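Accompanying notes for the structure given below.
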Amino acid sequence: MAPPLQPAIETRGLTRTFGTLTAVDGLDLTVGAGRAVGLLGSNGAGKTTVLKMLTTLLPPTSGEAWVAGFNVVGQAREVRRRIGYVPQMLSADASLTARENLLLSARLYALPRTERSGDVADALAFMGLSDVADRLVRTYSGGMIRRLEIAQALLHRPQVLFLDEPTVGLDPVARHSVWERLVELRTHFGASVLLTTHDMEEADVLCEVLVLLHQGRTVIQGAPADLKAAVGPDASLDDVFIHFTGGSVESGGAYREVARARRTAQRMG
Numbered sequence: 001m002a003p004p005l006q007p008a009i010e011t012r013g014l015t016r017t018f019g020t021l022t023a024v025d026g027l028d029l030t031v032g033a034g035r036a037v038g039l040l041g042s043n044g045a046g047k048t049t050v051l052k053m054l055t056t057l058l059p060p061t062s063g064e065a066w067v068a069g070f071n072v073v074g075q076a077r078e079v080r081r082r083i084g085y086v087p088q089m090l091s092a093d094a095s096l097t098a099r100e101n102l103l104l105s106a107r108l109y110a111l112p113r114t115e116r117s118g119d120v121a122d123a124l125a126f127m128g129l130s131d132v133a134d135r136l137v138r139t140y141s142g143g144m145i146r147r148l149e150i151a152q153a154l155l156h157r158p159q160v161l162f163l164d165e166p167t168v169g170l171d172p173v174a175r176h177s178v179w180e181r182l183v184e185l186r187t188h189f190g191a192s193v194l195l196t197t198h199d200m201e202e203a204d205v206l207c208e209v210l211v212l213l214h215q216g217r218t219v220i221q222g223a224p225a226d227l228k229a230a231v232g233p234d235a236s237l238d239d240v241f242i243h244f245t246g247g248s249v250e251s252g253g254a255y256r257e258v259a260r261a262r263r264t265a266q267r268m269g
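Numbering (the working numbering), first residue to last: 1 to 269.
As structure tokens, then:
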């Protein structure tokens, strides 16, 4: 019998405070290898803070976390080699073409020089950008920019992909296009995915397991269908959120989070 696969992500009592504010409070989370898990919650619930700790951008105040089997504090370099991260804010250079952006990423990832052109071409094709590969990114639509950013994060074949609000600010057509690519991604690469969202439809489409966060704490977690069934026979994920938190998913969020979301929506056009 083959040994059980080690979790892609595991946290124990993961906590982050900022002065007197506790942004993440004792998070216990396990993301199985090859699984897609969503962190669901309103602005200010702690979703982005969790991602920043797991991607080694922010040290935990207490608790521990492992990504791809490596500790995010003691083995941060090994973690970074095995992950891809797509933040909310713009990560593609608008003054370069998509191909140039990806070649730059290939150098940063230290991909073998002889393989870079082929890897970039494959990434462009997979994300449906081959026909516009040599156009400046400043001419792209919001959905095309997001697909390019995902291509950048996938270039080195990461074991774990982190997505922070992957379709924020996109129109419905662009949003569904990104969803299709993300579903294909998991089938094609078998990567584990942890994404944050407050879009209930997105959570239902992309995630096998949802973790509902409220004020930095886990309220409930489970498969979308199971969470809806726990509330009622005709319940939606909106109903799940209201039932377990007592509020709407759009509620809350400090000025900084609201401003950041609006800036992202504006640049996504």
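Every residue, glycine too, gets a C-beta built ideally from N, C-alpha and C.
These numbers come from a predicted model, not from an experiment.
First and last residue of the uninterrupted beta strand (DSSP E) at residue i
i, result
"A65", "62-67"
"R16", "9-18"
"H214", "209-214"
"Q221", "217-222"
"S192", "192-197"
"G84", "83-86"
"D234", "Element bounds for D234: n/a, residue is neither H nor E."
Local Cβ density within 10 Å of residue i, reported as buried at 16 or more and exposed below that
i, result
"V211", "buried"
"F18", "exposed"
"P3", "Confidence is the limiting factor: at P3 the pLDDT is only 46, short of 50, which leaves the residue's position unreliable and the question unanswerable from this model."
"V183", "exposed"
"E115", "exposed"
"S117", "exposed"
"M89", "exposed"
"G232", "exposed"
"D234", "exposed"
"H274", "In the structure as shown, the chain begins at 1 and stops at 269. Residue 274 is therefore absent and cannot be evaluated."
"V209", "buried"
"R262", "Per-residue confidence for R262 stands at a pLDDT of 45, beneath the threshold of 50, marking its modelled position as unreliable; the derived number appears in the next sentence. By the neighbour-count rule (16 or more Cβ atoms within 10 Å), R262 is not buried but exposed."
Range of the contiguous alpha helix (DSSP H) that encloses residue i
i, result
"V240", "237-245"
"L185", "172-189"
"V50", "47-54"
The ligand ATP heavy atom lying under 8 angstroms from the CB of residue i
i, result
"V79", "This structure simply doesn't include the ligand ATP, nor any ligand for that matter."
Sub-9 angstroms separation of residue i and residue j beta-carbons
i, j, result
"G46", "A23", "yes"
"L21", "R217", "no"
"A191", "L237", "no"
"T15", "S91", "no"
"I150", "R181", "yes"
"P166", "E202", "yes"
"A174", "G142", "yes"
"A8", "Q159", "yes"
Residue(s) in a DSSP beta bridge with residue i
i, result
"F162", "Y85, L194"
Contact with chain B by residue i, beta-carbon distance below 9 angstroms
i, result
"S42", "The displayed structure is made up of one protein chain only, and chain B is not part of it."
For the region 85-103 and the region 65-76, state whether three or more C-beta atom pairs, one from each stretch, are separated by less than 8 angstroms. no
Given 8 angstroms, three or more beta-carbon pairs between the region 220-227 and the region 41-61: no
Does the region 163-177 come into contact with the region 98-112, if we say contact requires no fewer than three beta-carbon pairs (one atom in each stretch) closer than 8 angstroms? no
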